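Written out below as structure tokens is the structure these notes cover.
Residue numbers (the UniProt record's numbering): 1 to 219.
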């Protein structure tokens, strides 16, 4: 891929995903890494992506139960190299290791779709659910996700949330952006300019907009 093609791809990813903390380069690096970590050689070739890594690389990340363990994996090293980070800041390493842990669970991606949006969609075939429509992730579990008290709890609940949506149909870039913004809001002095730009507000808006859509149809 030429420098011009790479720059265009980076700008496109940032625009499609409407990232809040990720740069265009980081958005492209996350998607490229996830594709090479997860997709088959045939799919990678079709997308014009670079060759992927062995299945064991992803499996190793999925076995990690905390960021410290993910830091020691080959998968994380590939991600860090792709980001082109020169500094070895402890916090940056830690949060990106958490990103790698969560994204390793995602087996099918859909650009531009947040996890909160997918979690709020109705279970099964909405046309056959009638008045019993329920979101893929219950409101109780969703509330627990929004009220996480630690980064480790956030990672655990995000992994569980992905399991509830069959680990597919979510944007890898959006998910990484959410994790990094949560970290910045809760583990550093940084705050968004407006409350509506906060990650919890965006999650609630995405989730309940989906729920309201099919519940209002039943009224």
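Every residue, glycine too, gets a C-beta built ideally from N, C-alpha and C. Source: prediction; values computed, not measured.
Residue i and residue j closer than 8 Å at C-beta
i: residue 177; j: residue 20; result: yes
i: residue 220; j: residue 68; result: Outside the displayed span of the chain (1 to 219) sits residue 220, for which this structure offers no information.
i: residue 145; j: residue 157; result: yes
i: residue 220; j: residue 122; result: In this structure the chain extends from 1 to 219, so residue 220 is not present and cannot be described.
i: residue 210; j: residue 120; result: yes
i: residue 106; j: residue 161; result: no
Nearest neighbour of residue i, chosen from the options [CA to CA]
i: residue 134; options: 49, 83, 208, 96; result: 208
i: residue 24; options: 74, 77, 82; result: 82
i: residue 50; options: 161, 38, 172; result: 38
i: residue 61; options: 191, 70, 201; result: 70
i: residue 165; options: 72, 110, 40, 32; result: 110
i: residue 96; options: 189, 163, 26, 106; result: 26
Alpha-carbon spacing of residue i relative to residue j, whole angstroms
i: residue 155; j: residue 45; result: 31 Å
i: residue 108; j: residue 169; result: 6 Å
i: residue 92; j: residue 100; result: 12 Å
i: residue 103; j: residue 47; result: 19 Å
i: residue 34; j: residue 214; result: 32 Å
i: residue 216; j: residue 54; result: 46 Å
i: residue 159; j: residue 78; result: 21 Å
i: residue 118; j: residue 153; result: 20 Å
i: residue 124; j: residue 185; result: 34 Å
i: residue 138; j: residue 52; result: 35 Å
i: residue 72; j: residue 140; result: 34 Å
i: residue 90; j: residue 80; result: 13 Å
i: residue 43; j: residue 31; result: 14 Å
i: residue 66; j: residue 192; result: 27 Å
i: residue 148; j: residue 142; result: 10 Å
i: residue 56; j: residue 84; result: 23 Å
i: residue 63; j: residue 201; result: 31 Å
i: residue 194; j: residue 179; result: 18 Å
i: residue 114; j: residue 212; result: 17 Å
i: residue 190; j: residue 167; result: 30 Å
Close-in-space but distant-in-sequence residues of the same chain around residue i (CB under 7 Å, 5 per side omitted)
i: residue 151; result: 98, 183, 187
Other residues of its chain near residue i: CB distance less than 8 Å, five sequence neighbours each side excluded
i: residue 58; result: 37, 38, 75, 104
i: residue 197; result: 20
i: residue 41; result: 51, 52
Sequence-distant residues of its chain with Cβ nearer than 6 Å to residue i (five each side left out)
i: residue 181; result: 20, 21, 199
query = Which ranges does the alpha helix (DSSP H) cover as unbroken runs of at least 4 residues, wholly within the segment 121 to 198, from first to last along the chain?
reply = 126 to 129, 139 to 146, 151 to 164, 172 to 187
query = In chain order, which continuous runs of the alpha helix (DSSP H) of length 4 or greater are located wholly inside the segment 31 to 90?
reply = 41 to 47, 55 to 62, 67 to 70, 74 to 83
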